[in-house]
Amino acid sequence: MKEDFQHYYTDQTEPPKSIRSVYLRLRNGHSYTFKSPEGVFAFGKADRASLLLIENCILEGQESILDLGCGYGAVGITLKLEHPDLKLHMSDVNTRALTFSKINARDHNILADIRKGDLFSPWEKTSFDSILSNPPIAAGKAVWQRMITEAPEFLNEGGSLQIVAYHNKGGSRLEAIMRETFGNVITATKSGGVRVYVSRKF
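This note's numbering puts the first residue of the sequence shown at 2, with every later residue one more than the last.
What follows is the structure, given as structure tokens:
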């Protein structure tokens with residue numbers, strides 16, 4: 002839990018004591034390597050929930066996506082590599098996370114608009130076709146509830162909020178708030194207790 006909390010809500014500006022390479026392999030056979038710094042979520046490992054989101058998010062007809070709470074960038078960068086025409090936006094509150102998102106984007110030779118800030122604060126007057134997140138359950142209800150309830154303001158018509166979480170570790174509460182906020186929610190996929198929830202703005 003502590004690692005998740007640091008990832009989203011501690012602004013770490015000092016260089017990490019340790020950096021590890023993370024090898025991400027998709028079911029289509031494509032593989033990517035990322036630099037992962039100590040003190041940022043999923044240090045030194047491919048997070049299974051994030052991988053489920055990458056492989057099962059709904060992007061048909063989408064032009065712009067926001068990877069919200071991007072960490073070192075695995076979700077957004079992988080999706081951009083798999084779907085080169087996407088316009089990728091990424092943000093996080095953690096300076097160290099953003100530093101490594103930029104490093105990983107550079108290493109994979111992709112363009113991304115990467116900004117620092119709490120939840121949607123960097124994206125005033127900006128809207129997206131999809132917002133994707135592996136949300137900070139450990140940060141408390143006030144944080145992830147705001148993530149959901151503020152999302153419609155930053156979505157284009159027909160756009161979607163796509164969240165991955167462990168259903169029995171907060172995911173069911175996220176699902177309920179998504180349904181209350183958007184009037185709809187589906188489970189796009191589930192695996193070993195992890196689910197990808199999708200709500201659409203109409």
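Built from N, CA and C at the ideal position, the CB exists for glycine as well.
**Item:** Own chain, CB closer than 7 Å to residue 46, minus 5 neighbours either side, in chain order
**Value:** Taking the sequence shown and counting its residues from 1, one reaches residue 46 at position 45. Exclusion of the five residues before and after residue 46 leaves 23 as the residues of its chain whose Cβ lies within less than 7 Å of its Cβ.
**Asked** Just checking, does the stretch 53-71 make contact with the stretch 88-95 on the three C-beta pairs under 8 Å criterion?
**Response** Three or more Cβ pairs closer than 8 Å define a contact, and the stretch 53-71 meets that threshold against the stretch 88-95.
**Message:** So, with DSSP's three-state summary, where would you put residue 51?
**Reply:** On the sequence shown, position 50 is the one that residue 51 refers to. Helix.
**Message:** Quick check on residue 123: does DSSP put it in helix, strand or coil?
**Reply:** Reading the sequence shown from its first residue, position 122 is the one you call residue 123. Helix at residue 123.
**Prompt:** Among 163, 157, 121, which residue has its Cα nearest to the Cα of residue 147?
**Reply:** Mapped onto the sequence shown, residue 147 falls at position 146. Nearest neighbour of residue 147 by Cα position, chosen from 163, 157, 121, turns out to be 121.
**Request:** Run the CB neighbour count on residue 28, radius 10 Å, all protein chains shown included, and call it buried at 16 or more, exposed below.
**Result:** Numbered from its first residue, the sequence shown carries residue 28 at position 27. Classification of residue 28: exposed, given that the 10 Å Cβ count is below 16.
**Request:** Find the nearest neighbour of residue 150 within the set 177, 158, 170, judged by alpha-carbon distance.
**Result:** Indexing the sequence shown from 1 puts residue 150 at position 149. Taking only the C-alpha atoms, the option nearest residue 150 is 177.
**Item:** Of the listed residues 172, 202, 184, 115, nearest to residue 193 (C-alpha basis)
**Value:** Position 192 of the sequence shown, counting from 1, holds the residue named residue 193. Residue 193 has its Cα closest to that of 172, out of 172, 202, 184, 115.
**Prompt:** If you run the structure through DSSP and keep just helix, strand and coil, what is residue 78?
**Reply:** Along the sequence shown, one-based indexing puts residue 78 at 77. DSSP places residue 78 within a helical segment (H, G or I) once states are collapsed to three.
**Prompt:** Would a C-beta distance cut-off of 8 Å place residue 116 and residue 131 closer than the cut-off?
**Reply:** Residue mapping note: residue 116 aligns to position 115 of the sequence shown, counting from 1. Residue mapping note: residue 131 aligns to position 130 of the sequence shown, counting from 1. The answer is no: Cβ separation not under 8 Å.
**Cβ shell of residue 191 (< 8 Å), same chain only, five flanking positions each side left out** = Against the sequence shown, residue 191 aligns to sequence position 190. Once the five neighbours on either side are set aside, the close Cβ partners of residue 191 are 168, 197.
**Request:** Using only alpha-carbon positions, find the residue among 163, 185, 156, 200 that is nearest to residue 53.
**Result:** The residue labelled residue 53 in the question sits at position 52 within the sequence shown. Minimum Cα distance to residue 53 is reached at 163.
**Asked** Leaving out the 5 sequence neighbours to the left and right, which residues in its chain are closer than 7 Å to residue 152 when beta-carbon positions are compared?
**Response** Counted from its first residue, the sequence shown places residue 152 at position 151. If we look at residue 152 and ignore the five residues flanking it on each side, its Cβ neighbours are 132, 162.
**Prompt:** Going by the beta-carbon positions, is the gap between residue 72 and residue 42 smaller than 8 Å?
**Reply:** As a first step, residue 72 is located in the sequence shown; it is residue number 71 there, counting from the start. As a first step, residue 42 is located in the sequence shown; it is residue number 41 there, counting from the start. Their beta carbons are under 8 Å apart, which means residue 72 touches residue 42 by this criterion.
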